[in-house]
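Undergrad: Residue numbers (the working numbering): 2 to 344. Every residue gets a Cβ at the ideal spot worked out from N, C-alpha and C, and that includes glycine. Here the structure is a predicted model, which is why all the values come from computation and not from measurement.
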Amino acid sequence: MLNMGMVLETIPAARLKALAQAAEVYVQHAFGRRLELTPIVPANVPHFVLDRYMLWEGLLDGRTLVLMAIREPRQGPTTDYLKHRDLVRRQLGVDLILLLLDHVPNAIRRQMVERQIGFIAPGAQLYVPEALLDLRERAPTAAIPASDQISPTTQLVLLAVLQGVALEDEHLTDLAERLHVSIMSISRTLDELEALQLAKARHVGRQRRLHMLLGGHELWEAIQERLQSPVRKVRLVSGRIENHIAPLAGESALAHYTMLAAPRVETRAVLSMHWMRLKERLALSPAAAFDDDRIEIQTWTYDPQILARDNVIDRLSLYLSVRGSPDERVVQTAEQLLETFEW
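1) Who are the near neighbours of HIS347 in its chain, counting only those whose CB is closer than 8 Å to its CB and skipping five residues on each side?
2) Where does LEU66 sit, in a helix, a strand or coil, going by DSSP?
3) How many Å lie between LEU66 and LEU93 at the Cα?
4) Please state if the CB of LEU173 and the CB of GLN126 are separated by a distance shorter than 9 Å.
5) Below 8 Å on the Cβ atoms is my guess for SER253 versus ALA263; work out the distance and round it to an integer in Å.
6) In the DSSP assignment, the alpha helix (DSSP H) including TYR128 goes from what residue to what residue?
7) Give the secondary structure of LEU181 by DSSP, where H, G and I count as helix, E and B as strand, and everything else as coil.
8) Could you give the DSSP three-state label for SER239: helix, strand or coil?
9) Could you name the residues of the same chain whose beta carbon sits closer than 6 Å to that of ALA256, not counting the 5 residues immediately before and after it, in chain order?
10) Drop a sphere of 10 angstroms on the beta-carbon of ALA161, count the other beta-carbons inside from all chains shown, and report buried for 16 or more, exposed for fewer.
11) Taking its Cβ as the centre, do 16 or more other Cβ atoms sit within 10 Å of GLU171, making it buried, or is it exposed?
12) Mapping DSSP to helix, strand and coil, what is LEU272?
13) Taking contact to mean 3 or more Cβ pairs, one atom from each stretch, closer than 8 Å, check whether the segment 289 to 302 and the segment 235 to 252 are in contact.
14) What does the Cβ neighbour count give for GLN353, buried or exposed, with the cut at 16 atoms within 10 Å?
15) Indicate whether ILE246 and TRP276 have their beta-carbon atoms separated by less than 9 Å.
16) Could you give the DSSP three-state label for ALA309: helix, strand or coil?
17) Tell me the residue span of the alpha helix (DSSP H) that contains TRP57.
18) For the beta strand (DSSP E) that contains TRP221, what are its first and last residues?
19) Can you tell me whether PHE120 is buried or exposed? The criterion is at least 16 other CB atoms within 10 Å of its CB, across all chains shown.
20) Rounded to whole angstroms, what's the CA-CA distance from ALA14 to ARG64? Just pull it up for me.
21) Can you check which of these residues, LEU285, VAL232 and ARG110, is closest to ALA270 by C-alpha distance?
22) Thinking C-beta only, is TYR128 closer than 9 Å to VAL105?
23) Indicate the three-state DSSP secondary structure (helix, strand or coil) for VAL232 in the structure shown.
24) Going by beta carbon distance, what residues of the same chain come within less than 8 Å of LEU97, once the five residues before and after it are set aside?
25) So, helix, strand or coil for SER253, using DSSP?
26) Roughly how many angstroms separate the alpha carbons of THR268 and LEU17, rounded to a whole number?
27) State whether the segment 193 to 200 contacts the segment 311 to 320, with contact taken as three or more CB pairs (one from each stretch) at a distance under 8 Å.
28) Measuring alpha carbon to alpha carbon, tell me which residue in MET185, ASP311 and GLU226 is nearest ALA24.
29) Which residue from ARG111, GLN112 and GLU58 puts its Cα closest to that of ARG90?
30) Of the choices GLN225, VAL235 and LEU199, whose alpha-carbon is the least far from that of LEU215?
31) In whole angstroms, what is the alpha-carbon distance linking SER148 and LEU228?
32) Along the chain, where does the alpha helix (DSSP H) that runs through GLU115 open and close?
33) Which residue or residues does DSSP assign as beta-bridge partners of ALA200?
34) Suppose you measure from the CA of LEU354 to the CA of ALA21; what does that come to, to the nearest Å?
35) Looking only at its chain, what residues have a beta carbon closer than 7 Å to the beta carbon of THR259, apart from the 5 residues adjacent to it on each side?
36) Whose C-beta lies closer than 6 Å to the C-beta of TRP344 among residues of the same chain, with five residues either side of it excluded?
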């Protein structure tokens, strides 16, 4: 009898949610199917089942699907799960119910297939006996056409690598958490880097990890024409913003790193999607030309805090944000900053 305790660990709710996201990414990229998962807490499912499992509802090839993920470790036979699965099936009237698994040995998955217990192990296998699906191989990723620019998340990863942030061999979930982006965005970034032949995904068991093919100045030379300014919009506002909320940017950051004189109006940067919430929380308002508390706010396509040091944006993002400045003095100083960068 298969012992489910062999495959279970203590898994926080946040990890289970991330695992469900990883399942969506895996199925879409490997097999071209969209699960469209939504967390559910059905009123007609007994509380003892909801206490033990986290549930999601989605679609697979047009059929309703339910995923069940075990919240806590239990030493018990497979029959425990099968009883609960069948109960959920009756209460919800759903045929396709899969167990969502994490870090599962091949032997366990093989036994589950032999017993025709449907499951999904992101990065490893999708087994749905009711739909006659047993998919294990990752389909080739569709080529991403080379373009003049790369996505903001991909740029963030590349700038992090260039500035010595240790991302090599990081798992998708860990990368997403470190860079404050979704797992889906990171998965697309790995696809983009592979298509550009800048990186290759390494497979460690069921996990897909980042492996860069280039680094240092060689990487910079290969990508600098594709990189773009992270600045989406610039606003002049009246108010105060503390250092830990928005790092110095623009000419203020350039003055920090070089001998350039600091501008009269300080410049700071925030993630674009945080702007409205920040504006309301700090009561920032449009500034008049001669307000003493004027601040220039840049809203960015990626989070400037990720690579900032000592409350100042990173050197490479700074260079990209000012290299197109109409002020020749600023451009020359930015070029000098780049020349001193240690690759």
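TA: Let me spell this out:
1) Because residue 347 is not part of the residues shown, which for the chain are 2 to 344, the question remains open.
2) Position 65 of the sequence shown holds residue 66. Note: LEU66 maps to strand in three-state DSSP.
3) By 1-based counting over the sequence shown, the position of residue 66 is 65. By 1-based counting over the sequence shown, the position of residue 93 is 92. Their backbone Cα atoms lie some 10 Å apart in a straight line.
4) Along the sequence shown, read from residue 1 onward, the residue named residue 126 stands at position 125. Along the sequence shown, read from residue 1 onward, the residue named residue 173 stands at position 172. No.
5) As a first step, residue 253 is located in the sequence shown; it is residue number 252 there, counting from the start. As a first step, residue 263 is located in the sequence shown; it is residue number 262 there, counting from the start. The Cβ separation is near 6 Å, so the contact holds.
6) Stepping through the sequence shown from its first residue, residue 128 is reached at position 127. In the DSSP assignment, TYR128 falls outside any alpha helix (DSSP H) and lies within the beta strand (DSSP E) extending over 126 to 129.
7) Against the sequence shown, residue 181 aligns to sequence position 180. Sequence check: residue 181 is His here, not Leu. DSSP places HIS181 in coil when its eight states are reduced to three.
8) Counting from 1 along the sequence shown, the entry for residue 239 is found at position 238. Three-state DSSP puts SER239 in a strand.
9) Position 255 of the sequence shown holds residue 256. In the same chain as ALA256, and ignoring 5 residues on each side of it, the C-beta atoms closer than 6 Å to its own belong to ALA263, in chain order.
10) Here residue 161 refers to the residue found at position 160 of the sequence shown. The residue is buried, with at least 16 neighbouring Cβ atoms inside 10 Å.
11) Taking the first residue of the sequence shown as position 1, residue 171 is located at position 170. GLU171 should be labelled buried.
12) The sequence position of residue 272 within the sequence shown is 271, counting from 1. Under the three-state reduction of DSSP output, LEU272 falls in the strand class.
13) By the C-beta criterion, the segment 289 to 302 is judged to be in contact with the segment 235 to 252, since at least 3 inter-stretch pairs fall below 8 Å.
14) Outside the displayed span of the chain (2 to 344) sits residue 353, for which this structure offers no information.
15) Residue 246 sits at position 245 when you count from the first residue of the sequence shown. Residue 276 sits at position 275 when you count from the first residue of the sequence shown. Cβ distance not < 9 Å, so ILE246 and TRP276 don't count as in contact.
16) For the purposes of this step, residue 309 is taken as residue 308 along the sequence shown, with counting starting at 1. Three-state DSSP puts ALA309 in coil, outside helix and strand.
17) Here residue 57 refers to the residue found at position 56 when the sequence shown is read from its first residue. Note, TRP57: premise wrong, no alpha helix (DSSP H); beta strand (DSSP E) at 54 to 61.
18) For this step, residue 221 is matched to residue 220 along the sequence shown. The continuous stretches of beta strand (DSSP E) do not include TRP221, which lies in the alpha helix (DSSP H) extending over residues 217 to 224.
19) As a working mapping, residue 120 is identified with position 119 in the sequence shown. Burial is judged here by how many other beta carbons sit within 10 angstroms of a residue's own beta carbon; PHE120 has at least 16 and is buried.
20) Position 13 of the sequence shown, counted from the start, is the residue given in the question as residue 14. Position 63 of the sequence shown, counted from the start, is the residue given in the question as residue 64. Distance between the alpha carbons of ALA14 and ARG64 is about 26 Å.
21) Here residue 270 refers to the residue found at position 269 when the sequence shown is read from its first residue. Closest in C-alpha terms to ALA270, from the list LEU285, VAL232 and ARG110, comes VAL232.
22) Locating residue 105 in the sequence shown gives position 104, counting from the first residue. Locating residue 128 in the sequence shown gives position 127, counting from the first residue. Judged by their CB atoms, VAL105 and TYR128 are not nearer to each other than the 9 Å cut-off.
23) Residue numbering aside, residue 232 sits at position 231 when the sequence shown is read from its first letter. In this structure, VAL232 counts as strand in the three-state DSSP scheme.
24) Reading the sequence shown from its first residue, position 96 is the one you call residue 97. So the list reads LEU61, ARG64, THR65, LEU66, VAL67, GLY119, VAL129, GLU131 and ALA132, once near-sequence residues are dropped.
25) Position 252 of the sequence shown holds residue 253. Looking at SER253 - three-state DSSP - the assignment turns out to be helix.
26) Working through the sequence shown from its first residue, we reach residue 268 at position 267. Working through the sequence shown from its first residue, we reach residue 17 at position 16. Cα-Cα distance, rounded: 40 Å.
27) No: fewer than three Cβ pairs fall under 8 Å.
28) Mapped onto the sequence shown, residue 24 falls at position 23. The shortest C-alpha separation from ALA24 is found at MET185.
29) The residue labelled residue 90 in the question sits at position 89 within the sequence shown. Comparing Cα positions, the closest option is GLU58.
30) Residue mapping note: residue 215 aligns to position 214 of the sequence shown, counting from 1. Answer by Cα proximity: LEU199.
31) Counting from 1 along the sequence shown, the entry for residue 148 is found at position 147. Counting from 1 along the sequence shown, the entry for residue 228 is found at position 227. Here the model assigns SER148 a pLDDT of 48, short of 50, so the residue's position is not dependable and the matter cannot be decided.
32) The sequence position of residue 115 within the sequence shown is 114, counting from 1. Taken as a continuous stretch (DSSP letters only), the alpha helix (DSSP H) holding GLU115 covers 107 to 115.
33) Counted from its first residue, the sequence shown places residue 200 at position 199. Partner(s): MET213.
34) Coverage of the chain is limited to positions 2 through 344, which leaves residue 354 absent and any answer about it impossible.
35) As a first step, residue 259 must be located in the sequence shown, where it is residue number 258. Same-chain partners within the cutoff: THR334, GLN337 and LEU338.
36) Mapped onto the sequence shown, residue 344 falls at position 343. For TRP344, where only same-chain residues beyond five positions count, the Cβ hits under 6 Å are GLY217 and HIS218.
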